[in-house]
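Visitor: Heads up: the sequence shown begins at 26 in this note's numbering, then just goes up one per residue. From the three backbone atoms N, C-alpha and C, an ideal C-beta is built for every residue, glycine too. Below is one structure. I have some questions about it.
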Amino acid sequence: MKKKAVALVLAASMISAVLAGCAAAAPATTAEPAAEAPAEEEAVEEAEAEAPAEAAEATGKTVGIAMPTQSLERWNRDGSYLKEQFESRGYGTELVFSDNKIEQQVKDLENMIADEVDLLVIAAIDGESLSQVLADAKDAGIPVIAYDRLIMNTDAVSYYVSFDNYTVGTLQGQFVVDQLDLDNVDGPFNIEFTAGDPADNNAGFFFNGAYDVLSPYIEEGKLNVVSGQTQFDQVATAQWNTENAMKRFQNILASYYSDGTVLDVALCSNDSTALGVAQAIETDYAGDNAVLVTGQDGDEANLANIVDGKQTMTVYKAVANEAVATLDLGDALLNGETPDEGLIAASNWSFDCAYDTSSYDNGTGIIPSYLLVPTVVTVDNMVEELVTPGYYTQDDAGYLHPTN
Ligand code: BGC
């Protein structure tokens, strides 16, 4: 390990003592809410020590954590939680955000490999673009955990930790079925789809999950996709970008709904796209009915939209728990173990997680996966699901704010 990494470990172990003190009141297997994320320009964290009460035992090992960007809200939370978790067990960390730029992420990973980190935890920007740099990681003997998004076409990935991505989509689809009571009424209702980034392996799973639930009703004529855009490639959103989603939806509204045609449902794969779609509906939709809008993540602006009736639901993924699962998996790997289903029982997590050895083939074979369970959040259960567990606080006006 190089000098810089040693310094990080020492500083991190001091911080971890502080964090360990903070975490004492919480159940051991449930993560504390994240600390505020760093500014993007401070991409590589130089952990600064605060006076430690008592130092957690340093492992002498460093974990490189690569997140896509700080511009999409959830990755800030993921980065903070992962850093906090690994440091709480005596690991040093290097946390980078790569501004959603593929070459930047490759460069950041090259730097972490040069720094001789002991483990890489990576949420890929483009799942197809890391084969070369991860071959270098493999040569250097650094294990790789694909975090949240599967990394494709490389045999350097040891494990995948995520939520059950297909289930996220089925929850969105089933929500539409239930809200419209599609098993009992004929409709027809009009629906449009907005999916995620084609470079993100998750995006197809989300879309397919939702579409598989809804397609029988489309075939039956109870749901009508007025634009006719039902293929993933037609409804995808580059980089999950809010403005891209908004512009496409403004076009849809102008082309197919300006004559008074009623839009009933905007099925959006996640919150960053739902934000753009809700904006387009607010400014460009001629109708005055409440459009059912789905999402995913529980981003702050979207939870506000749910309170205000501009979005109907989000699928919440407790990324604090995703970080806990990643820590226990990473810890086992760094201790020379070959984790399998037994890790789940051994870790005594307070959340559900499935060990999956069939769903995620990255082109070189199946990647063993730990899949956590997502939850539907609406205006009716947001306090119970988000505020009570401590992920968010609620202000007097009813809006939710992430706990930092
Ligand atoms: C994540 C989603 C997120 C999206 C955009 C996906 O890979 O699983 O939670 O909304 O990326 O950041």
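#1: With DSSP collapsed to three states, give me the class of Gln419.
#2: By the 10 Å Cβ neighbour count, where 16 or more other Cβ atoms means buried, how is Asn227 classified, buried or exposed?
#3: Is any heavy atom in the ligand BGC found nearer than 8 Å to the beta carbon of Asn190?
#4: Just tell me which of Thr262, Asp313, Val401 has its CA closest to the CA of Thr286.
#5: Classify Glu409 as helix, strand or coil using the three-state DSSP reduction.
#6: Give me the residue from Leu134, Val290, Gly229, Thr262 with the minimum Cα distance to Asp203.
#7: Does the structure place the region 180-198 close enough to the region 258-273 that three or more beta carbon pairs sit under 8 Å?
#8: Mind checking whether Lys272 and Glu307 have CB atoms under 9 Å apart?
#9: Can you check which of these residues, Cys293, Tyr282, Ala371, is closest to Gly229 by C-alpha distance?
#10: Quick check: Met431 and Gly320, are their CB atoms within less than 9 Å of each other?
#11: Please return the same chain residues whose Cβ sits closer than 6 Å to the Cβ of Ser154, not counting the five positions on each side in sequence.
#12: Kindly indicate the opening and closing residues of the beta strand (DSSP E) around Gly117.
#13: Less than 9 Å between the beta carbons of Asn178 and Ile150, yes or no?
#14: CA-CA distance, Asp103 and Cys378?
#15: Which runs of the beta strand (DSSP E) spanning at least 3 residues fall entirely within the region 330-396, listed in chain order?
#16: If you count every other CB in all the chains shown that lies within 10 Å of the CB of Ala139, and 16 or more means buried, which is it?
#17: Would you decide whether Ala343 is buried or exposed? Buried here means 16 or more other CB atoms lie within 10 Å of its CB.
#18: Using only alpha-carbon positions, find the residue among Leu205, Ser183, Asn346 that is nearest to Ser372.
#19: Pick helix, strand or coil for Ala224, following the three-state DSSP scheme.
#20: Please classify Ser113 as buried or exposed, where buried requires at least 16 neighbouring CB atoms within 10 angstroms.
#21: Are there 16 or more other CB atoms within 10 angstroms of the CB of Val210, so buried, or fewer, so exposed?
#22: Given Phe257, which residues of its chain have a CB within under 7 Å of its CB, disregarding the five upstream and five downstream residues?
#23: Counting only runs of 3+ residues fully inside the region 261-304, write out the beta strand (DSSP E) ranges in chain order.
#24: Do you know how far the Cα of Tyr116 is from the Cα of Tyr417?
#25: Could you check if Val238 is buried or exposed, using at least 16 other CB atoms within 10 Å of its CB as the buried criterion?
#26: Under three-state DSSP, which class holds Thr195?
#27: Just curious, the alpha helix (DSSP H) that Tyr424 is in, first and last residue?
#28: List, from N- to C-terminal side, the alpha helix (DSSP H) runs of 4 residues or more that fit wholly inside the region 109-193.
#29: Using a threshold of 8 Å, is the CB atom of Leu97 nearer than that to any non-hydrogen atom of the ligand BGC?
#30: Give a single yes or no on whether Trp374 has its beta carbon closer than 8 Å to a heavy atom of the ligand BGC.
#31: With a CB to CB cut of under 7 Å and the five nearest residues on each side skipped, what residues in its chain are close to Leu107?
#32: Starting from the C-beta of Phe274, find all residues in its chain whose C-beta is less than 6 Å away, skip the five residues before and the five after it, and write them out in chain order.
#33: Among residues of its own chain, excluding the 5 on either side of Pro364, which ones have a beta-carbon nearer than 6 Å to its beta-carbon?
#34: Which residue marks the beginning of the beta strand (DSSP E) containing Val250, and which one marks its end?
#35: Please determine whether the Cβ atom of Asp222 lies at a distance below 8 Å from any heavy atom of the ligand BGC.
#36: Hey, would you say the C-beta of Lys342 is under 8 Å away from at least one heavy atom of the ligand BGC?
Guide: Taking the geometry as given:
#1: strand
#2: buried
#3: yes
#4: Asp313
#5: helix
#6: Val290
#7: Judged by Cβ distances under 8 Å, the region 258-273 makes no contact with the region 180-198, as fewer than three pairs qualify.
#8: no
#9: Cys293
#10: Nothing about residue 431 can be read from this structure; the chain reaches only from 26 to 429.
#11: Excluding five sequence positions before and after Ser154, the CB atoms of its chain that fall closer than 6 Å to its own CB belong to Ile127, given in chain order.
#12: 117-122
#13: Result no, Cβ atoms of Asn178 and Ile150 do not sit closer than 9 Å.
#14: A direct Cα-Cα distance of roughly 17 Å separates Asp103 from Cys378.
#15: 339-341, 378-381
#16: exposed
#17: buried
#18: Asn346
#19: Ala224 carries a coil assignment under DSSP once its states are collapsed to helix, strand and coil.
#20: buried
#21: exposed
#22: Ala220, Gly229, Phe232
#23: You should have 290-293.
#24: 27 Å
#25: buried
#26: helix
#27: First-last for Tyr424: undefined, no H or E at that position.
#28: Runs of the alpha helix (DSSP H) inside the region 109-193: 127-139, 156-164.
#29: Taking the Cβ of Leu97 as the reference point, at least one heavy atom of the ligand BGC falls within a distance shorter than 8 Å.
#30: no
#31: Ile90, Val146, Ala348, Thr351
#32: Val302, Ala305
#33: Leu354, Ala357
#34: Counting along the chain, Val250 falls outside any beta strand (DSSP E), and DSSP gives it neither H nor E.
#35: yes
#36: yes
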